[in-house]
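Chains as they are written, first to last, in this note's numbering: chain Z, 18 to 305; chain F, 39 to 237; chain V, -12 to 289.
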Amino acid sequence: MTVDVRNDGVLVEGLSRRYGQIRALDGLNLNLERGITGLLGPNGAGKSTLMSVLATVNEPDTGQVSVFGLNPRNGGERVEIRRRLGYLPQELGYHRHFTVAAFLDYVAILKEIVGRRRRAEEVARVLALVGMERFGRRRIRGLSGGFRQRLAIAQALLGSPELLILDEPTAGLDTEQRLRFRELLSNLPGDPVIVLSTHQADDIAAICPRVVVMLDGQVRFAGTPAALAESAAGHVWTADQRNESAHLSWRDGDARWRHIGDHPPADHEAAKPTVEDGYLMLSQTKEA
Amino acid sequence: MTPDTDERDDSALLRAVARGDEDALAALYDRHAGWLSVRLSRRCARPDLVDHTVQDTFLAVWRDAGAYRGDGDVAAYIWGIGVRRLIDAIRREGSAKHRLPWRSTEPEDVVSAEDQVLLGIEHGHLGQALAQLSPELRAALEATVLDGLTCAEAGTLLGIAEGTVKSRCHRARQALRAALADQARLETPRSRRQGWETS
Amino acid sequence: MTLSFSGATGPTAGASWHPSDDDLAGYANGAADGVAAWSVESHLGACASCRSAVSAQADGEQLARNRAVLLALVAIPDGGRLRRLVCRCGIPDHLLSLLTATSSLRRSWLLAVVGVLAVVTGEAVLVQHLWPGGGPPGMTWHPGAAELAPFLLVGPLLVLAGVAAAFMPAMDPSYRLAVAAPFSGLTLLLVRSVSALVAALLPVVCAAFVMPGPSWLPAAVLLPSLAVCALALAAVTTVGPVAAVVAAGALWVVPVVWLAAARSSLEVVQGHGQALCAVVFVAAVLVVFVRRDRLEMGWVQQ
């Protein structure tokens, strides 16, 4: 591939960030290209910190970041990155009195969308994308969690950003809403660089052509979901009884026990590994 | 386009809009925006200006529905707002000529008097008289009579001075009277003379 | 294109006449010429069914798009007539929209400020009214000065609170969005802070008129309020927002309380006090200007 990622994507080298004794990011290296990349990792892995650094909201202690060839440490280039950015932070808050349309208009102004009519067009466009067309005059505080999350996604889409950073976008969404979200993301025009973090391995499997697993502030895996699943091959098996030698065991949908471990018993019933299995395998290996 | 499924009549919808009923505004839009767009497009060749005007018209209806006294036709009320918003938009844009050129400047498109006779279709005296007017005179008359604009507003719409509008209307009326009088003289005694009401 | 007229034309057209479908189609797509179009149009004014027929010929997709934009325009608050008036004076509309996200410009906040001032002022007026010659029995009374202390303390602090609420990240639930956006953080901060300053100063100055004290009191609270707020903004360029606000507030509270204990409250707003406030204000403004990059809300603690 001859595409120069430096100018067309996001490049992260040696990123470190600590809070007191905690190393949120520990010498992290990452390449992000156009298309959807899923960020998988447990709480405290540093996903949110990484995303806030990419969103120019957080300053790293050391390391280089390059977003479309621009350096966020440079003031002027930082503003230019922000012009191309859509950010959904974790647990986004809203002013209590805002209506849906008022909030989106506010964010549109912050995104330098000039002109009342132009902003109304953008607000109408993103509301249609998340299926909330008639919600304009509803107060946000009266909305359920699922609709608030859809609103949060909508604000990130204002201005058709080239870099979309979505921190736990599917949190609080029910199954149908997650499906619609996946569809929305897959059909965004302009082929932006999309990074989304999630706990749900099936979100990754369903929409992300690339997945990055983060543990303890570092990247432990970067590749396709299929490759992640494959990395657990030979280490996943099912049985009728629980096997104590496995690292992890749980009841699966067929009321049998599914195990992940380094040394499956000799007569084990191998199971086809899923993305989740690969991820769990990685996180267990860290502890071992 | 959303089909018009609201049962209420226009006045009831307008009253509902005055109370802040957004669905009523949407219903009014579904009922009226189509013909309004078409009618405005016949006066302005810029589709983006027409779109903005349609949006602004219903926005104005939303804001000022309380001021509507219930006198007169809602469609005429909407048209009155619409055409004035269009004029505002044209004025803001600054350039003079936004009008669709009259088709009759292209001879092929004119429905000629011969065609009408050949097809054996009867048409009224006024139509004939209007057809004999030049396009500029007809445009001036249309803007002031049909659209109900003042001479100043008509001037902005047509891209001419107010005084020019006045003189063209005057000449148009004179020409019409003359044409109707001619027709009446040529008519058989049984035909009725059409009255031409000047506004 | 042909047009059929059945008898009378003009404004007294009979209700029985309707243009044919071809006529309407020709009108809608612009093919109809002046006379035919005029005839259709004057009919449209009176006939709802022909209007519907014409509407059906319009571009459905464009109509749907305009509908969505209209509903968005309706939903986005425009502040009403007062705001449109202000816009005509040249203030950009989008700046006014930004102010709606400021807590200390909300009615509830301002009512609270008025409430506090009412209590303080009311108490002073009451004391003056009940004991016009001296203080309550048993209390040492110095005419004019002591009852002003609460007001002198509270007035500038209320203004500081308003400005603090305007720029402190903790008071903006969507602060991270503001940081991650290209809009100048400095402009946002200044627009909000100055608006909050003015909005809080008005009731304070009005209360000063009502207060039983020297007639120059309303003018006297201006500089201290400005100085305290400017100090907070200057401090924010160095320390965190909370520390800055607390420090600025303390730097006002300490002298006022101390002077009140020494029975000379008014000194804080008299000659030397005013001069000091002026110096602090100018110095703080200079610091803000020089270190304005720090106010760009560049980075936050996650």
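All residues carry an ideal CB built from backbone N, CA and C; glycine is no exception.
Interface residue (Cβ-Cβ distance to chain V less than 8 Å): Leu97(F) is classified as such. Ala169(Z) sits away from Leu213(Z), with the two beta carbons spaced by 8 Å or more.
In the displayed model, Phe170(V) falls within coil according to three-state DSSP, outside both helix and strand.
Scanning the region 139 to 227 of chain Z from its first residue to its last, the whole beta strand (DSSP E) runs of 3-plus residues come out as 180 to 184 and 210 to 215.
In terms of beta-carbon proximity, Ala12(V) stays away from the interface with chain F, with every pair separated by 8 Å or more.
Shown here, Asp43(Z) sits in a strand according to DSSP, grouped into three states.
Ser205(F) is bridged by DSSP to nothing; it lacks a bridge partner.
Membership of Arg35(Z) in the beta strand (DSSP E) is indicated by the continuous run Val27 to Tyr36.
Of Ala111(V), Gly47(V) and Val241(V), the smallest CA-CA separation from Met198(V) is found for Ala111(V). In the three-state reduction of the DSSP assignment, Phe238(Z) falls in the strand class, which pools E and B.
The beta carbon of Ala145(Z) sits closer than 7 Å to none of the beta carbons in its chain outside the five residues before and after it. Taking 8 Å as the CB threshold, Val191(V) stays off the interface with chain F. Asp220(Z) is a Cβ neighbour of Gly55(Z), given a cutoff of 8 Å. Contacts with chain F at 8 Å (Cβ-Cβ) do not include Arg227(Z).
In the displayed model, Met231(Z) falls within a strand according to three-state DSSP. Under the three-state reduction of DSSP, Ile53(Z) is assigned to strand.
With respect to chain V, the C-beta atom of Gly201(F) has no partner C-beta closer than 8 Å. Nearest to Asp269(Z) by alpha-carbon distance, out of Arg156(Z), Thr116(Z), Asp257(Z) and Asn24(Z), is Asp257(Z).
Chain-ordered listing is empty here: chain Z has no CB closer than 9 Å to the CB of Glu191(F), the nearest sitting near 23 Å.
Under the DSSP assignment, Trp254(Z) falls in the beta strand (DSSP E) whose first and last residues are Val253 to Ala256. Excluding its 5 nearest sequence neighbours in each direction, Cys37(V) has C-beta neighbours in its own chain below 7 Å: His5, Pro6, Leu11, His30 and Leu31, listed in chain order. Assigned with DSSP and collapsed to three states, Ser79(F) falls in helix. Membership of Arg268(Z) in the beta strand (DSSP E) is indicated by the continuous run Leu265 to Arg268. Our two residues, Gly92(Z) and Val275(V), have alpha carbons roughly 18 Å apart in a direct line. Taken through DSSP and simplified to helix, strand or coil, Ala287(Z) comes out as strand.
Taking the Cα of Ile53(Z) as reference, the smallest distance to any Cα among Thr79(Z), Pro59(Z), Gly86(Z) and Ile211(Z) is reached at Ile211(Z). Residue pairing from DSSP places Trp274(Z) in a beta bridge opposite Ala256(Z) and Arg268(Z). Per DSSP, the unbroken beta strand (DSSP E) holding Gly80(Z) starts and ends at Thr79 to Val84. Inter-residue distance for Arg53(F) and Ala169(F) is about 41 Å (C-alpha atoms, whole angstroms). Glu60: these are the residues of the region 54 to 65 of chain F whose beta carbon lies less than 8 Å from some beta carbon of chain Z, given in chain order.
Ranked by Cα distance from Val55(F), the options Arg122(F), Ser79(F), Gly108(F) and Thr91(F) are led by Gly108(F).
Below the 7 Å Cβ cutoff, chain F contributes no neighbours of Arg156(Z), its closest Cβ being approximately 14 Å away. Between Ala153(V) and Ser180(V) the beta-carbon gap is near 5 Å, inside 8 Å, which marks them as a contact. DSSP places Thr116(Z) within a strand segment (E or B) once states are collapsed to three. Taking every protein chain shown into account, the CB of Cys76(V) has fewer than 16 other CB atoms within 10 angstroms, so this residue is exposed.
The beta-carbon of Ile126(Z) is placed less than 8 Å from the nearest beta-carbon of chain V.
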